[in-house]
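Notes to accompany the following structure.
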Amino acid sequence: MFGMHFQLASRGAVTILTPLPAGSLSVGPAVSGWTWPLFVVIPLLLTAALYGFGITTMLRRQTRGKAFLGTIVCFALGWISLVIALDSPLHEIGEQLFWVHMTQHEILMLISAPLLVLGRPLIPFLWALPSSWRERAAGFARTKLFKALWISVSAPLSAWLLSALALWIWHVPWLFDQTLQSDWIHAAQHTSFLATAVLFWWPLANRISTTGYGGGLVYVFTTILHTSVLGALLTFAPRPWYSSYISTAPLWHLTALEDQQLGGLIMWIPAGTLLLIVALVLLVKWMNESQTRWQYTRMAELGRLSEGGIK
9 MFGMHFQLAS
19 RGAVTILTPL
29 PAGSLSVGPA
39 VSGWTWPLFV
49 VIPLLLTAAL
59 YGFGITTMLR
69 RQTRGKAFLG
79 TIVCFALGWI
89 SLVIALDSPL
99 HEIGEQLFWV
109 HMTQHEILML
119 ISAPLLVLGR
129 PLIPFLWALP
139 SSWRERAAGF
149 ARTKLFKALW
159 ISVSAPLSAW
169 LLSALALWIW
179 HVPWLFDQTL
189 QSDWIHAAQH
199 TSFLATAVLF
209 WWPLANRIST
219 TGYGGGLVYV
229 FTTILHTSVL
239 GALLTFAPRP
249 WYSSYISTAP
259 LWHLTALEDQ
269 QLGGLIMWIP
279 AGTLLLIVAL
289 VLLVKWMNES
299 QTRWQYTRMA
309 ELGRLSEGGI
319 K
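The sequence shown lines up with residues 9 to 319 when you count with my numbering.
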């Protein structure tokens, strides 16, 4: 059953990355193609301009430009993934198919957010500002109030809870249906998904020395567990949760329940697999770290024994 549905889904996905109108395709209704709402385009252009200007200023003051190459690539890929998630036909089709909407969310949380964190945009943003503004912003960032607030929300436990709450709360049927009725509620959903995902990935990229690889492994593994539970609930639900898709999914030759099952599988398997890869990387690093620590301890013990023998 799912094989046929995935075939239909893959055919529908062809329309997502093409700039041509999808009305010529045999699957589904016509869609208008790429959309450029100002409340999305303006922040995207502003962040790209700030980052580009800031990086240019930093490169003029640095002799080793290659040191920034990795972060620039990560930010660029993260920014492009945001454009695909928010402006491509993915957005419009996501209002007609739940599984496409789910794909959109997974791009924001599992691709855009970690790439933006690895892109470390805050420093280029500061360098893009006039010197007086930059000094004020840096001074505010050093205040005790700001440090306390940032530490409280970016701490691993807080980041984990906020990302989990955003995911589960927004999948409450009534609230999810509201996002399809209001552009502003939809924007709030996407903003909260992206913001809490950035918070989720921040400790893994910046505080692994505090949590340790073992703590990071627990952090990611518990996320795999609760997201898999939600994905399984969506997949095996006896009836569709979201009434908005009851009338639109059949236009794409899917029932609302089949559409929901595909969305649940996307959250459960591809998204879970990506997180599992991250967990395995952390596990390998933890094992290597433990091995290195053991070897260092053993060498220290042998050194003490040899010094005792000489005496």
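All C-beta atoms, glycine included, are put in the ideal place defined by N, C-alpha and C. Keep in mind that this is a model prediction, so the values were computed, not measured.
Top-ranked residue by Cα proximity to residue i, from the options
i, options, result
"residue 276", "116, 107 and 87", "107"
"residue 135", "55, 209, 195 and 247", "55"
"residue 58", "242, 124, 49 and 133", "133"
"residue 212", "84, 168 and 69", "168"
"residue 165", "287, 139 and 208", "208"
"residue 79", "126, 282, 249 and 196", "126"
"residue 41", "96, 186 and 124", "96"
"residue 226", "149, 291, 253 and 150", "291"
"residue 94", "144, 199, 262 and 160", "199"
"residue 250", "157, 237, 289 and 266", "266"
"residue 65", "90, 229, 142 and 224", "142"
"residue 228", "253, 280 and 49", "280"
"residue 87", "149, 43, 101 and 120", "120"
Buried versus exposed, by CB contacts within 10 Å (16 or more), residue i
i, result
"residue 17", "Residue placement at residue 17 cannot be trusted, given a pLDDT of 45 that sits under 50; the coordinates are not used to answer."
"residue 257", "buried"
"residue 171", "buried"
"residue 184", "buried"
"residue 285", "exposed"
"residue 295", "exposed"
"residue 116", "buried"
"residue 287", "buried"
"residue 210", "buried"
"residue 63", "buried"
"residue 201", "buried"
"residue 245", "exposed"
"residue 189", "exposed"
"residue 83", "buried"
"residue 297", "exposed"
"residue 70", "exposed"
"residue 46", "exposed"
"residue 206", "buried"
"residue 231", "buried"
Residues near residue i in its chain [Cβ-Cβ closer than 7 Å; skip 5 each side]
i, result
"residue 163", "none"
"residue 110", "271, 274 and 275"
"residue 234", "172"
"residue 204", "170, 171 and 174"
"residue 263", "257"
Cβ shell of residue i (< 6 Å), same chain only, five flanking positions each side left out
i, result
"residue 187", "193, 194 and 197"
"residue 61", "136"
"residue 128", "79"
Chain-order list of residues whose beta-carbon lies under 8 Å from that of residue i (same chain, five-residue window excluded)
i, result
"residue 77", "none"
"residue 145", "134 and 137"
Does the pairing of the region 241-260 with the region 173-189 give three or more beta-carbon distances under 8 Å? yes
Within the region 259-287, ranges of the alpha helix (DSSP H) (whole runs, at least 4 residues): 264-276
Complete runs of the alpha helix (DSSP H) confined to the region 158-196 [at least 4 residues]: 164-178 and 181-187
Quick one: which unbroken alpha helix (DSSP H) runs of 4-plus residues sit fully inside the region 52-112? Chain order, please. 77-95 and 97-102
Scan the region 210-250 and note each continuous alpha helix (DSSP H) run of 4 residues or more that stays entirely inside, going in chain order. 216-244
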